[in-house]
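Novice: I have a structure I would like to understand better, so I am pasting it below and will then ask my questions one at a time.
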Amino acid sequence: HRRVVLAGGCFANVRVNQRIAELPHVDAVWIHPAMSDQGIAFGAALAYLATRQHVRPFRLDHLFLGPQDTTERMRAALDEFQLTYTQPTDMAAEAAALLHEGKILARFDGPLEYGLRALGNRSVLYRPQDPQLQPMLNAKLRRAAYMPFAPVVLEPYASLCFDRVCPSLEAARFMTISLNATAWMKQHCPGVVHLDGTVRPQILRAADNPPMYALLEQYHRLSGLPCLVNTSFNLHEEPIVATARDACRAFVAAELDYLILGPFLARRA
1 HRRVVLAGGC FANVRVNQRI AELPHVDAVW IHPAMSDQGI AFGAALAYLA TRQHVRPFRL
61 DHLFLGPQDT TERMRAALDE FQLTYTQPTD MAAEAAALLH EGKILARFDG PLEYGLRALG
121 NRSVLYRPQD PQLQPMLNAK LRRAAYMPFA PVVLEPYASL CFDRVCPSLE AARFMTISLN
181 ATAWMKQHCP GVVHLDGTVR PQILRAADNP PMYALLEQYH RLSGLPCLVN TSFNLHEEPI
241 VATARDACRA FVAAELDYLI LGPFLARRA
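Under this note's numbering, the first residue of the sequence shown carries the number 1, and numbering increases by one thereafter.
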């Protein structure tokens, strides 16, 4: 069996997943995106349904399976927390410019992701070239100082950033595996490279999340870098924000700079 599927809590360890993908007799690896025992239960249900011919194998195009707030609730949350906001005509360009200036940007847009990783819709974004980003961002999000950060990377530039992408490409779309950073990545994006030279990326295709892809493209045009820091939008030991009110509360508590809340762009007072 040269195409390997992994599920269960052990495979929340992205370095283990990378070691499996690097075995010479493995062509590709897929890890259930929840990266917990949810994957085993989900797989058991699919296997049962397959024996009854109710389900056939299909490609998982995205994980945006959760709820999303209405524009009215977003506006109400912004007003409740007394945030100043605008409604940009080109959100991607304006957000990319702020990130290029060194601002920390939280993004709450579209449905909530399923699983343990933020994939752009409930994310905190920052530029990857700052070598001091780890202690700074961890302090704001009340996380331990050593906790590492992951990047979101435009798919056409994956081979520029990482070695041996092909066996791990599908898994890396959901940030469930680590890859070895190239020399270019280590030099230009040191803030997202682990001490052992690996990176846990989200490799983003245009079809996966068009608004997030547009933002990253705009940032690439400004900075020359095809990636951004992408960490989950939550304070330490809290779940990823699920509602507009959650987002505004976490944004204010963490003292981040800007917040994309659907069509609105808010700034910290």
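Every residue, glycine too, gets a C-beta built ideally from N, C-alpha and C. Keep in mind it's a predicted model, so treat the numbers as computed, not measured.
1) Would the C-beta of residue 44 count as close to the ligand NAP, meaning under 6 Å from any of its heavy atoms?
2) Could you compute how far the alpha carbon of residue 140 sits from the alpha carbon of residue 132?
3) Would you tell me roughly how many angstroms separate the C-alpha atoms of residue 110 and residue 64, rounded to the nearest one?
4) Thinking C-beta only, is residue 209 closer than 7 Å to residue 66?
5) For the beta strand (DSSP E) containing residue 260, name the first residue and the last one.
6) Taking 7 Å as the CB-CB limit, is residue 131 close to chain B?
7) Quick check on the DSSP output: what are the complete alpha helix (DSSP H) runs of length 4 or more inside the region 2–56, in order along the chain?
8) Smallest Cα separation from residue 200: which of 103, 138 and 173?
9) With three or more beta-carbon pairs closer than 8 Å as the criterion, would you say the region 163–181 touches the region 18–33?
10) Go through its chain and collect everything with a Cβ distance to residue 5's Cβ below 7 Å, but skip five positions before and after it.
11) Less than 6 Å between C-beta atoms, sequence neighbours within five positions excluded: which residues of the same chain meet that for residue 86?
12) Answer with buried or exposed for residue 32, where buried requires no fewer than 16 other C-beta atoms within 10 angstroms of its C-beta.
13) Which of helix, strand or coil does DSSP assign to residue 266?
14) Grouping DSSP H, G and I as helix and E and B as strand, with all else coil, what is residue 249?
15) State the DSSP-derived secondary structure class of residue 75, mapped to helix, strand or coil.
16) Mind checking which residues open and close the beta strand (DSSP E) that includes residue 154?
17) Quick one, which of 193, 241, 221 and 240 has its alpha-carbon nearest residue 97's?
18) Taking 7 Å as the cut-off, decide whether the C-beta atoms of residue 27 and residue 2 are in contact.
19) Report the CB separation of residue 153 from residue 203 in whole angstroms; it is logged as a contact under 8 Å.
20) I'd like to confirm the pairing. Which residues does DSSP put opposite residue 86 in its beta bridges?
21) Is the separation between the beta-carbon of residue 117 and that of residue 185 shorter than 7 Å?
22) Determine the direct distance from the alpha carbon of residue 261 to that of residue 80, and round the result to whole angstroms.
23) List the DSSP bridge partners of residue 227.
24) Would you give the residue range spanned by the alpha helix (DSSP H) that residue 202 belongs to?
25) Residues bridged to residue 180 by DSSP?
26) Going straight from the alpha carbon of residue 7 to that of residue 35, what length do you get?
27) Exposed or buried, which one is residue 232 when buried takes at least 16 other CB atoms within 10 Å?
28) Using the Cα positions of residue 62 and residue 123, report the straight-line distance between them to the nearest angstrom.
Specialist: If we stick to the structure as given:
1) Absence of the ligand NAP is noted for the structure shown, with no ligands found whatsoever.
2) 13 Å
3) 8 Å
4) no
5) 258–261
6) Reference to chain B is not applicable here, since this structure consists of a single protein chain.
7) 14–21 and 38–51
8) 173
9) yes
10) 30
11) 265
12) buried
13) strand
14) helix
15) helix
16) 151–154
17) 221
18) yes
19) 5 Å
20) 265
21) no
22) 14 Å
23) 153
24) Premise fails: residue 202 lies in the beta strand (DSSP E), 202–204, not in any alpha helix (DSSP H).
25) 198
26) 7 Å
27) buried
28) 16 Å
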